[in-house]
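In our numbering, the protein residues as written are 18 to 159.
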């Protein structure tokens, strides 16, 4: 997991809490399960507005329902970090609607298991597309 924390000083705040203080925004990739899901809940409980992403909105529905029930701030967003077109299409709208992303949690990723000689080049390229280039795409987009 790679976390990027942006400098929030000097930025015009978009979201405010009831007491008037700024509510920081965190975007988490791969938030539908595992570490991403737990991180989304943890940060929402601490006052962050969470933008939770997954390749499928359906997979974010249980998390979204839990957050609504607990009155925690979460916006589910369908996002495939493997494709430039998807990131370039989705992220400008997210930033326009929610303001600057203060914290980026690059959590989406996966591993391949087995001896290297049994893994195809195609499988390895796909893994690198997610685990390396997906991270770079997201850093560029925020």
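In this text, a Cβ means the ideal position worked out from N, Cα and C, and glycines have one as well.
Query, Result
"Can you tell which of 95, 51, 133 has its C-alpha closest to the C-alpha of residue 75?", "95"
"I need the straight-line Cα distance from residue 127 to residue 103, nearest angstrom please.", "19 Å"
"Should residue 213 go down as buried or exposed, given a rule of 16 or more other Cβ atoms within 10 Å for buried?", "Residue 213 lies beyond the residue range present for the chain, which begins at 18 and ends at 159; the question has no answer from this structure."
"Between which two residues does the beta strand (DSSP E) holding residue 133 run?", "Neither: residue 133 is in no beta strand (DSSP E) and is coded neither H nor E."
"Three or more C-beta pairs under 8 Å: does that hold for the segment 54 to 64 against the segment 82 to 91?", "yes"
"DSSP has residue 117 in a bridge; who is on the other side?", "Residue 117 is not bridged to any residue."
"Should residue 71 and residue 48 be called a contact, given that it needs their Cβ atoms to be closer than 8 Å?", "yes"
"Given this structure, state the Cα-to-Cα distance separating residue 115 from residue 87, to the nearest angstrom.", "21 Å"
"Can you pull the DSSP bridge partners for residue 95?", "71"
"Taking a contact to mean a Cβ-Cβ separation below 8 Å, would you say residue 111 touches residue 156 in this structure?", "no"
"When the Cα atoms are used, what is the spatial distance from residue 145 to residue 82?", "32 Å"
"Spatial neighbours of residue 159 within its chain, please: C-beta separation below 8 Å, excluding the five flanking residues on both sides.", "21, 23, 44, 108, 112, 117, 118, 121"
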